[in-house]
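Student: Here it is, the structure, as C-alpha cells.
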Amino acid sequence: DKGGWDSFMDKEIHEDPSAVRNTLIGRFDEDGEIKLDEVHIDAEAFRQIDKIIVVACGTASYAGMVAKYAIEHWVRIPVEIELAHEFRYRDPILTPRTLVVAISQSGETMDTLMALRHAREQGSRVLAICNTQGSTIPRESDAVLYTHAGPEIAVASTKAFVAQIVAAYLLGLYLAQVKCTLYRDEIHQILDQLKQMPEKIQWVLDHEAESINDAASKMINAKSFLFLGRHVGYPVAMEGALKLKEIAYTFTEGFAAGELKHGPIALVEEGEPVVVIVPSSRGRNVLHNKVISAIEEVKARGAFTIAVAEVGDPDAEKYADIVFWRPECPTLLSPLVDVVPLQLLALDMAELKGYDVDKPRNLAKSVTVE
Ligand code: M6R
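The sequence shown begins at 260 in the UniProt record's numbering and counts up by one.
Okay, here's the thing in C-alpha cells:
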C-alpha cells in the first residue's frame with residue numbers, strides 16, 4: 260500500500276525520519292548507556308575486537324563507508340569496507356578478533372551471504388545489520404542488529420540507508436562504551452544529537468522539495484552528472500550518483516572532491532551538472548573551503564553547480580548555481596540529512612522522464628545470485 264503517495268520510493272523517502280527514530284528506540288537508556296541486549300556477543304568479546312571489516316553491496320556499502328569515519332574516530336580501531344563480492348576472492352586477513360559487519364537491507368543478497376560464510380569459516384565473528392527479520396543473512400550471523408526502517412519495497416534503497424548508518428553508529432558507540440574510548444558524557448551528547456536527526460530530515464522534506472523539483476526540471480536533458488564530496492560527504496556523493504543512475508538511467512559518477520584535479524575534471528564541459536556535498540563552515544572546518552574551491556573550479560569550466568549545504572552558508576550561496584539547504588548538524592551526522600535531497604532529486608528526475616521509479620529496468624530488489 261503506497262499510503263497515498265505516487266510511488267513506494269516517494270513514500271519511503273518520506274519515511275526517512277521514522278526509519279532513524281525507530282532504529283534508535285530502545286537501544287539506550289536515559290543515562291546514555293547503550294543497550295544492545297539483542298546482540299548476543301558478550302562485552303568481553305567486543306572489548307577484544309581490534310578490527311572491523313564491513314561487507315556489503317551498493318547502498319549498504321556506502322552506509323558502511325559513512326560509518327567508517329565515525330567508528331574509527333570514536334573507537335580508534337581500523338574499519339575496512341569491502342564490496343562483498345570482492346571479499347572472499349582475495350584471501351582477506353581475518354582473525355578471531357576481527358568483527359565482520361554484514362550490512363544488508365534484504366538479508367538475502369548472495370554476495371554478502373557468501374562473504375559472511377567465508378568470514379565465519381576463518382574464525383571471525385559476524386554481526387549483521389539488517390532490515391528484514393528472519394532473513395538468511397541474520398540467521399547465518401553470530402549476532403544481528405536490526406534496522407527498524409519498515410519494509411522497503413522500491414528497488415532504489417532510501418530509508419534503509421539512513422537506518423543502516425544509525426545502526427552502525429549505535430554499534431560504534433557501544434564499542435566506544437565497552438572499550439572506554441569515549442566518556443559517558445560524550446556518548447550521551449552524540450545520542451542526543453542523533454535523536455534530533457529525524458526532525459532535521461523532516462525539515463529538508465518540508466522546505467526543499469519544491470526547489471529540488473525545479474532543479475530536476477532544469478536538468479532533465481543532462482546526459483551525465485558528477486557528484487563530489489569529501490570526508491563523510493564522499494560516500495554520500497556516491498550514493499546520490501547511484502540513485503540517479505538506477506532510476507533515471509543517467510550516467511553518473513560520484514567521487515572524492517580532492518580527486519577532481521587528478522583526472523575527473525577533464526569530464527567537465529559547458530552545462531555539465533555537478534552536485535557537491537558541502538561540509539559545514541562552522542568550527543573553521545578546513546574542508547569547507549576546499550570543497551567550495553572545487554565548486555569554483557568546475558564552475559570556471561562551465562559546470563552547472565548544485566550544492567547541498569548547511570543553512571546560511573554564505574559561500575555556497577555565492578558560488579553554487581542552486582543550493583539545497585539542510586539544517587545545522589554535527590559533521591558525522593550530516594549524511595543522514597545530506598542524502599535526502601539526492602534521493603528526492605533522483606525521484607523527481609525519473610518521474611519527469613516518465614519512468615517507473617519503483618521498478619527500474621534490469622534491476623531486482625534483492626540480488627539472490629552471485
Ligand atoms: O538488500 P541489500 O541491502 O543487501 O542490497 C544491496 C544492494 O543490492 C542495494 O543496496 C542496491 O544497490 C540498491 N538497489 C540501491 O538502491
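Beta carbons are placed, not taken as given, at the ideal position from N, Cα and C, and that holds for glycine.
A quick note: this is a predicted structure, and the numbers were derived from the prediction, not measured.
Identify which residue in Ile340, Arg379, Met369, Asp370 has its Cα closest to the Cα of Arg356.
Tutor: Arg379
Student: Looking at Ala361 and Thr371, is the spacing between their C-beta atoms short of 8 Å?
Tutor: yes
Student: Quick check for students: name the residue ranges of the alpha helix (DSSP H) that lie wholly in the segment 284–314, counting only runs of 4 or more.
Tutor: 302–307
Student: Identify whether Glu505 lies in helix, strand or coil by the three-state DSSP scheme.
Tutor: helix
Student: Keeping to the same chain, check which residues put their C-beta closer than 6 Å to that of Val567; ignore five residues upstream and five downstream.
Tutor: Ile536, Phe583, Asp597, Pro600
Student: Quick one: what's got a C-beta closer than 6 Å to Val421's C-beta in the same chain, skipping five residues either side?
Tutor: Asp275, Ala278, Val279, Leu595.
Student: So, are the CB atoms of Ala426 and Thr406 less than 8 Å apart?
Tutor: yes
Student: Would you say Val334 reaches chain B, if we count a Cβ-Cβ gap shorter than 8 Å as a contact?
Tutor: This model lacks chain B altogether, as it is built from one protein chain only.
Student: Nearest-angstrom Cα distance between Ile551 and Glu528?
Tutor: 19 Å
Student: Is the segment 600–619 touching the segment 494–509, taking contact as three or more C-beta pairs under 8 Å?
Tutor: yes
Student: Since Glu339 contacts Ile312 with CB under 8 Å, what's their CB separation in whole angstroms?
Tutor: That belief holds up - the Cβ atoms of Glu339 and Ile312 are roughly 5 Å apart, short of 8 Å.
Student: Closer than 8 Å is the cut-off here; do at least three beta carbon pairs connect the segment 380–390 with the segment 443–450?
Tutor: no
Student: Per DSSP, which one or two residues make a beta bridge with Pro532?
Tutor: Answer is Phe563.
Student: Tell me which same chain residues have a C-beta within less than 7 Å of the C-beta of Asp401, skipping the five on either side of it?
Tutor: Ile300, Arg384, Val385, Leu386
Student: Tell me the residue span of the beta strand (DSSP E) that contains Ile362.
Tutor: 357–363
Student: Out of Lys549, His273, Lys482, Ala435, state which residue places its alpha-carbon closest to the alpha-carbon of Ala575.
Tutor: Lys549
Student: Leu604: buried (16+ other C-beta within 10 angstroms of its C-beta) or exposed?
Tutor: buried
Student: Between Gln364 and Glu399, which are expected to be in contact by the criterion C-beta below 8 Å, what is the C-beta distance as a whole number of angstroms?
Tutor: At roughly 16 Å, the Cβ-Cβ gap does not stay under 8 Å, so Gln364 and Glu399 are not in contact.
Student: Helix or strand or just coil, what does DSSP make of Ser320?
Tutor: When DSSP states are grouped into helix, strand and coil, Ser320 belongs to the helix group.
Student: Using the rule of at least 16 other Cβ atoms within 10 Å of the residue's Cβ for burial, across every protein chain shown, is Pro573 buried or exposed?
Tutor: Around the CB of Pro573, fewer than 16 other CB atoms lie within 10 Å, so the residue is classed as exposed.
Student: Check each candidate in Lys327, Leu342, Lys454 and name the one with the smallest Cα separation from residue 632.
Tutor: Beyond the ends of the chain as shown, which are 260 and 629, falls residue 632; an answer cannot be given.
Student: Straight-line CA distance for Cys588 to Glu289?
Tutor: Those two C-alpha atoms are separated by around 22 Å.
Student: Would Pro523 and Met324 be called neighbours here (beta carbons separated by less than 8 Å)?
Tutor: No, these two residues do not count as a Cβ contact at 8 Å.
Student: Which first and last residues belong to the alpha helix (DSSP H) in which residue 631 is found?
Tutor: Outside the modelled stretch of the chain, which goes from 260 to 629, sits residue 631, for which no answer is possible.
Student: Report buried or exposed for Phe305, applying the criterion of at least 16 other Cβ atoms within 10 angstroms of its Cβ.
Tutor: Buried, by the Cβ-count rule.
Student: Helix, strand or coil: which one does DSSP assign to Ser540?
Tutor: coil
Student: Is Tyr422 near the ligand M6R, with its Cβ less than 7 Å from a heavy atom?
Tutor: The sequence as given places Ala at residue 422; Tyr does not occur at that position. No, Cβ of Ala422 sits at least 7 Å from all heavy atoms of the ligand M6R.
Student: Please state if the CB of Gly530 and the CB of residue 680 are separated by a distance shorter than 8 Å.
Tutor: For the chain, the structure presents residues 260 to 629; residue 680 sits outside this window and is missing.
Student: Please state whether DSSP places Leu353 in a helix, a strand or coil.
Tutor: coil
Student: Suppose you measure from the CA of Ile330 to the CA of Ile446; what does that come to, to the nearest Å?
Tutor: Distance between the alpha carbons of Ile330 and Ile446: 12 Å.
Student: According to DSSP, simplified to helix, strand and coil, what is Trp264?
Tutor: coil
Student: Taking the alpha carbon of Asn423 as the reference point, which residue from Thr391, Asp444, Val437, Ala343 has its own alpha carbon closest?
Tutor: The identity of residue 423 in the sequence shown is Gln, whereas the question assumes Asn. Residue Thr391 is the option with its Cα nearest to Gln423.
Student: So, is Asn281 buried or exposed, given that buried needs 16 or more other C-beta atoms within 10 angstroms?
Tutor: Counting Cβ neighbours within 10 Å, Asn281 comes out buried, since at least 16 surround it.
Student: Would Leu526 pass as a contact of Ala553 if the rule is Cβ separation under 8 Å?
Tutor: no
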